[in-house]
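**Student:** Quick one: the structure is below, questions incoming.
Number of protein chains: 2
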Amino acid sequence: MDYTTILSALAEPNRLQIVELLRKSPLTVGEIADHLDIRQPQASKHLRVLHKAGMVEFTVEANRRIYKLRSEPFKALDLWLKEYRDIWEEKFDNLDCYLQDLQKKVNKENEN
Amino acid sequence: MDYTTILSALAEPNRLQIVELLRKSPLTVGEIADHLDIRQPQASKHLRVLHKAGMVEFTVEANRRIYKLRSEPFKALDLWLKEYRDIWEEKFDNLDCYLQDLQKKVNKENEN
DNA sequence: TAAATATATTCCTTGACAGGAATATTCTCC
DNA sequence: GGAGAATATTCCTGTCAAGGAATATATTTA
Numbered sequence: 001m002d003y004t005t006i007l008s009a010l011a012e013p014n015r016l017q018i019v020e021l022l023r024k025s026p027l028t029v030g031e032i033a034d035h036l037d038i039r040q041p042q043a044s045k046h047l048r049v050l051h052k053a054g055m056v057e058f059t060v061e062a063n064r065r066i067y068k069l070r071s072e073p074f075k076a077l078d079l080w081l082k083e084y085r086d087i088w089e090e091k092f093d094n095l096d097c098y099l100q101d102l103q104k105k106v107n108k109e110n111e112n
Numbered sequence: 001m002d003y004t005t006i007l008s009a010l011a012e013p014n015r016l017q018i019v020e021l022l023r024k025s026p027l028t029v030g031e032i033a034d035h036l037d038i039r040q041p042q043a044s045k046h047l048r049v050l051h052k053a054g055m056v057e058f059t060v061e062a063n064r065r066i067y068k069l070r071s072e073p074f075k076a077l078d079l080w081l082k083e084y085r086d087i088w089e090e091k092f093d094n095l096d097c098y099l100q101d102l103q104k105k106v107n108k109e110n111e112n
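Protein chains in written order, with full-length UniProt numbering: chain P, 1 to 112; chain U, 1 to 112.
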């Protein structure tokens, strides 16, 4: 899954809004369509694009599907964006470095 | 400048590559066209889109234009992405919280 | 001033994609 | 099993964006 897939999935206004909605809580297709004031088929189609991009997943609940965000693409975007941080964070003083290293260690320990 | 503008600017493969290139160093239009193996007019057009999205700026140097990245849209994306961090960083232990608060204080002091 | 270089712009064509409408599929409940 | 609800899919149409080719604009150099 490459970046342009994720980015073009997010570039469509309705899909971006869907993602914003799902950030707060998982939702069914109908609920999403209601919130965005779009018709159900469009909601389904947008969700399909998001799903193919790996950005959402769903659980089947009777004849409804409950969609929620997946973390991986956001992690990927974050990783990509990290590479650009030194464009605007040119200044690293000692305390900053110390805290960042310490933070990394803590995160690493939490993975186990 | 809203997010979808930035995202659709980045969603095009050639433009994403241009951004990746400019991350390393500023470049002229011709150099960009060479690197991406595209024709000069397409490079100009893509740069125009990136410029309208506020992602690049240029300095005029004789009859050449030297393009470089602007930091603002990346800051904006980073800010947007921050809102999604708790999707995958669900676990906050005490040490984590302590360090994050401390980090915020440090950043705030650096702004002055 | 003429030629050459670097870049931007315009026009045209083609392909992708979003929305509308209708329909198919799947499940629940009576 | 039939009706209704929730969701997915298909077909159609219009719009928009990217690439190609040609041209315009600006700047340097001879």
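In this text, a Cβ means the ideal position worked out from N, Cα and C, and glycines have one as well.
Remember, it's a predicted structure, so these values are computed and weren't measured experimentally.
Would you kindly work out how many angstroms separate the C-alpha atoms of His46(U) and Arg15(U), rounded to a whole number?
**Tutor:** 6 Å
**Student:** For the alpha helix (DSSP H) that Tyr84(P) lies in, which residues bound it at each end?
**Tutor:** Careful: Tyr84(P) lies outside any alpha helix (DSSP H) and carries neither H nor E.
**Student:** Tell me the DSSP bridge mates of Phe74(U)?
**Tutor:** BP columns for Phe74(U) are empty, so no partner.
**Student:** For Lys75(U) and chain P, any beta-carbon pair shorter than 8 Å?
**Tutor:** yes
**Student:** Assign residue 127(U) to one of two classes, buried (16 or more other C-beta atoms within 10 Å of its C-beta) or exposed (fewer than that).
**Tutor:** In this structure chain U extends from 1 to 112, so residue 127(U) is not present and cannot be described.
**Student:** If we ignore side chains and look at the alpha-carbon of each, how far apart do Ile87(U) and Leu69(U) end up?
**Tutor:** 29 Å
**Student:** Using only the alpha-carbon positions, how far apart do Asp2(U) and Ala9(U) sit?
**Tutor:** Counting only the Cα atoms, Ala9(U) lies some 11 Å from Asp2(U).
**Student:** Residues in the same chain with beta-carbon distance under 6 Å from Thr59(P), minus the five sequence neighbours each way, listed in chain order, please.
**Tutor:** Ile66
**Student:** For Leu99(U), I'd like the list of residues in its chain whose CB is within less than 6 Å of its CB, leaving aside the five on either flank, ordered along the chain.
**Tutor:** Residue confidence for Leu99(U) is low, a pLDDT of 48 falling below 50, so the modelled location carries little weight and cannot support an answer.
**Student:** Evaluate contact between the segment 77 to 84 of chain P and the segment 35 to 55 of chain P, counting only Cβ atoms and requiring at least three cross-stretch pairs below 8 Å.
**Tutor:** Contact between the segment 77 to 84 of chain P and the segment 35 to 55 of chain P is absent, because fewer than three Cβ pairs lie under 8 Å.
**Student:** For Lys24(P), which beta-bridge partners are listed by DSSP?
**Tutor:** Answer is none; Lys24(P) lacks a bridge partner.
**Student:** Could you compute how far the alpha carbon of Gln17(U) sits from the alpha carbon of Asn63(P)?
**Tutor:** 43 Å
**Student:** Since Pro13(P) meets chain U, which of its residues come closer than 7 Å, beta carbon to beta carbon?
**Tutor:** Neighbours of Pro13(P) on chain U, chain order: Thr4.
**Student:** What number of angstroms, rounded off, separates the C-alpha of Met55(P) from the C-alpha of Ala33(U)?
**Tutor:** 32 Å
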